[in-house]
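*Asks:*
Chains as they are written, first to last, in the working numbering: chain Z, 11 to 213; chain W, 1109 to 1296.
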């Protein structure tokens, strides 16, 4: 050790005490270049004669160099796969597609109406259904009655229409047969046809 | 490279490729932060995964003015998830074959991640970092490692900006002392 440093250390011990603490407090700013010029020169002056503080400054520089490079750590390829698996929308999309396809089926309305009727009948058959308000029960019966009457009317109308069509068809057939007979008689083919028919009938 | 703002916009409209790109881009920072705070690769992976799942679920609701705000949100969420995990670990009863005083989060040996760090110096700093108090380590992870400014760190940790400044300087000194204690050649 330089005898002058030894003298300085002795004087400081006898007066203000060790300046190391004051130097250490300013070291981070010195490393960052954020210390004002006077303080920076004073700290550098201390570092020249103080081995522990100089070592601490070098360690601070090493730490300042290493820390920013530690910001990113690769978790490995499997990590990305597992995150994507946990955030994948594929299963939901498949469900949505299947549901949409079900809704768009042509028979869906018919099946829905059938199921609705079954549920209604089931509900009406339940023991608790008696507890339904009388007004609601009347409304259901009235609606059913109206539907029944309307259905009967539709069936009666259909029968009348069918009878009309059938009568008209018979008339047309009779008219057509008369016309054919008249034509055959005029042409003289009717007697010949009768003879042929008689021969066919004779064993 | 696609800008982060563009990626976020695409992610909000549920572009799966953009989401994959966002995960790949941000996962080293999220995982790195979780690893430095938790010091366990397994817990860090779980926490990082949880952060991305939360981000995915709230993509539509989250509004970010700029990239810095997004990174701040991501690191804040990582820190919250890591703190929750630490509480969870500490509330677990110690295993029967491990004495209670030895049951701690500190891992004396280098982990595989430590070994994979770019150099010996980073591995050394990683080990020294594990010896700091929770708050000092959080400040260094957010400010010195992740590069957030004092205001952002103060908001994330819910402490005054002055405290962040003074604590950061002291934490660096403490870290440097631990580095010297672990490897005196770093002061030579």
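Glycine is no exception: its CB is placed at the ideal position from the N, C-alpha and C atoms. Just so we're clear, the structure is a prediction, and the values are computed from it rather than from any experiment.
Any beta carbon from chain W within less than 8 angstroms of residue 214 of chain Z's own beta carbon?
*Replies:* As displayed, chain Z neither begins before 11 nor continues past 213, which places residue 214 of chain Z out of reach and without an answer.
*Asks:* With DSSP run on the structure shown, which of helix, strand or coil describes residue 1125 of chain W?
*Replies:* DSSP places residue 1125 of chain W in helix when its eight states are reduced to three.
*Asks:* Taking just the CA atoms, how far does residue 1150 of chain W sit from residue 1196 of chain W?
*Replies:* Cα to Cα, residue 1196 of chain W sits roughly 14 angstroms from residue 1150 of chain W.
*Asks:* Verify whether the separation of the beta carbon atoms of residue 1238 of chain W and residue 1153 of chain W is less than 8 angstroms.
*Replies:* Taking 8 angstroms as the Cβ cut-off, residue 1238 of chain W and residue 1153 of chain W do not qualify as a contacting pair.
*Asks:* With 16 other CB atoms within 10 Å as the buried threshold, where does residue 1127 of chain W fall?
*Replies:* By the neighbour-count rule (16 or more Cβ atoms within 10 Å), residue 1127 of chain W is buried.
*Asks:* Tell me the DSSP secondary structure of residue 190 of chain Z in three-state form.
*Replies:* Of the three classes helix, strand and coil, the one that applies to residue 190 of chain Z here is helix, per DSSP.
*Asks:* Could you spell out where the alpha helix (DSSP H) holding residue 1247 of chain W opens and where it closes?
*Replies:* Per DSSP, residue 1247 of chain W belongs to the alpha helix (DSSP H) from 1242–1247.
*Asks:* Taking DSSP as the reference, what is the three-state secondary structure of residue 1166 of chain W?
*Replies:* In the structure shown, residue 1166 of chain W sits in coil (DSSP, three-state: anything other than H, G, I, E or B).
*Asks:* Residues of chain Z with CB under 7 angstroms from residue 1277 of chain W, in chain order?
*Replies:* Those within 7 angstroms of residue 1277 of chain W in chain Z are 38.
*Asks:* How would you call residue 1096 of chain W, buried or exposed, if buried means at least 16 neighbouring beta carbons within 10 angstroms?
*Replies:* Past the boundaries of the shown model lies residue 1096 of chain W; chain W is included only from 1109 to 1296, so the question cannot be answered.
*Asks:* Is it the case that the stretch 1273–1284 of chain W contacts the stretch 48–63 of chain Z, given that we only count it when at least three CB pairs across the two stretches are under 8 angstroms?
*Replies:* Because the criterion of three Cβ pairs below 8 angstroms is not met, the stretch 48–63 of chain Z and the stretch 1273–1284 of chain W do not touch.
*Asks:* Ends of the alpha helix (DSSP H) at residue 47 of chain Z?
*Replies:* Where residue 47 of chain Z is concerned, the enclosing alpha helix (DSSP H) stretches over 47–59.
*Asks:* Can you check whether the CB of residue 1144 of chain W is closer than 8 angstroms to the CB of residue 1261 of chain W?
*Replies:* No, they are not a contact pair.
*Asks:* Checking contacts by CB at 8 angstroms: is residue 152 of chain Z closer than that to chain W?
*Replies:* Not an interface residue.
*Asks:* Got a sec: which bits of the stretch 42–75 of chain Z sit with their beta carbon under 7 angstroms from any beta carbon on chain W, in order along the chain?
*Replies:* Here the close residues are 65, 66, 68, 69, 70, 72 and 73.
*Asks:* Count the other CB atoms, across all protein chains shown, that sit within 10 Å of the CB of residue 91 of chain Z; report buried if there are 16 or more and exposed otherwise.
*Replies:* Classification for residue 91 of chain Z: exposed.
*Asks:* For residue 1109 of chain W, is the classification buried or exposed, using 16 other Cβ atoms within 10 angstroms of its Cβ as the cut-off for buried?
*Replies:* Label assigned to residue 1109 of chain W: exposed.
*Asks:* Under three-state DSSP, which class holds residue 97 of chain Z?
*Replies:* Looking at residue 97 of chain Z - three-state DSSP - the assignment turns out to be coil, as it is neither helix nor strand.
*Asks:* Taking all protein chains shown into account, decide if residue 1187 of chain W is buried (16 or more other Cβ within 10 angstroms of its Cβ) or exposed.
*Replies:* Flag for residue 1187 of chain W reads buried.
*Asks:* For a contact meaning CB atoms closer than 8 angstroms, what does residue 1269 of chain W contact in chain Z?
*Replies:* Residues of chain Z passing the Cβ test: none, with the nearest at roughly 16 angstroms.
*Asks:* Between residue 1259 of chain W and the rest of its own chain, which residues show a CB-CB distance below 7 angstroms, the 5 nearest in sequence each way excluded?
*Replies:* Excluding sequence neighbours, residue 1259 of chain W sits near 1269.
*Asks:* Identify the contact partners of residue 92 of chain Z in chain W, using a Cβ-Cβ distance below 9 angstroms as the criterion.
*Replies:* What residue 92 of chain Z touches in chain W: 1153 and 1157.
*Asks:* Roughly how many angstroms lie between the CA atoms of residue 80 of chain Z and residue 1176 of chain W, to the nearest whole one?
*Replies:* One C-alpha to the other measures close to 19 angstroms.
*Asks:* Which class does residue 1114 of chain W belong to by DSSP, given the choice of helix, strand or coil?
*Replies:* In the structure shown, residue 1114 of chain W sits in a helix (DSSP, three-state: H, G or I).
*Asks:* Got a sec: is the Cβ-Cβ distance from residue 1213 of chain W to anything in chain Z below 8 angstroms?
*Replies:* Low confidence applies to residue 1213 of chain W: its pLDDT is 45, below 50, so where it sits in the model is not reliable, and the reading given next is rough at best. Not an interface residue.
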